[in-house]
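Single-structure report; data block below.
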């Protein structure tokens with residue numbers, strides 16, 4: 045399984061946002077370095093995230109489940125119980141901030157997954173209290189906003205499972221919502 049914490053440190057890019065022909069409203073293919081992961085989502089409360097044959101996770105109604113095994117022989121585990129046993133190994137699905145110092149549109153444009161967005165420089169205080177600065181490509185495209193919302197719900201659930209304050213996931217998302225934006229790229233990937 046992919047190390048989501050490294051994705052957020054090294055950067056994250058959406059390489060495809062597709063309109064799905066399945067029951068899922070949206071599909072995003074995320075890339076960090078050589079790692080690729082597919083996320084499928086419907087609204088804010090249902091998200092499926094997988095990285096190939098290693099199985100996948102489902103976020104539904106505020107709970108996270110892990111699914112593994114061959115088709116027809118899947119095993120489903122409540123991730124809350126598993127993560128409590130493996131605390132400290134929580135993946136991050138988007139940047140957590142205790143505060144946003146500034147968000148400045150650089151005026152540059154970048155196309156990610158066929159969607160044109162604006163490059164913004166973000167200065168924020170991370171969960172350790174350190175000021176961080178990075179570039180993000182933000183878009184008002186409906187698919188980017190829907191993905192932001194789906195990932196936000198999963199981030200809150202992961203933080204809660206880790207025994208952390210789930211509102212850490214809200215700070216950056218609230219800034220994005222105020223601007224009507226979703227993230228196409230975070231960091232350098």
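Residue numbers (the numbering used here): 45 to 233.
Every residue gets a Cβ at the ideal spot worked out from N, C-alpha and C, and that includes glycine.
Remember, predicted model here, so these are calculated numbers, not experimental data.
Neighbour flag for residue 154 against chain D, beta carbons, 7 Å: Considering every chain present, this structure includes no chain D. It has just one protein chain.
Cα-Cα separation, residue 226 to residue 196: 11 Å
Collapsed DSSP secondary structure at residue 208 in the structure displayed: coil
C-beta atoms of residue 169 and residue 207 nearer than 7 Å: no
Three-state class that DSSP yields for residue 142 in the structure shown: coil
Secondary structure of residue 232, DSSP reduced to three states: coil
Candidates 185, 114, 190 and 217, of which the one nearest residue 162 by Cα: 185
Euclidean distance between Cα positions of residue 229 and residue 156: 7 Å
Same chain only: Cβ atoms within 8 Å of residue 191, ignoring 5 sequence neighbours per side: 58, 61, 70, 72, 83, 85, 226 and 227
Inter-residue spacing [alpha-carbon to alpha-carbon] between residue 216 and residue 141: 6 Å
Candidates 182, 212, 149 and 181, of which the one nearest residue 173 by Cα: 212
Proximity of residue 146 and residue 167 at Cβ, strictly below 7 Å: yes
Alpha-carbon spacing of residue 119 relative to residue 109, whole angstroms: 10 Å
Three-way DSSP call (helix, strand, coil) for residue 174 in this model: coil
In chain order, each alpha helix (DSSP H) run of at least 4 residues that lies wholly inside the region 179-228: 186-205 and 214-223
Alpha-carbon spacing of residue 100 relative to residue 183, whole angstroms: 27 Å
Supposed contact pair residue 194 and residue 91 - C-beta distance, whole angstroms, cut 8 Å: 4 Å
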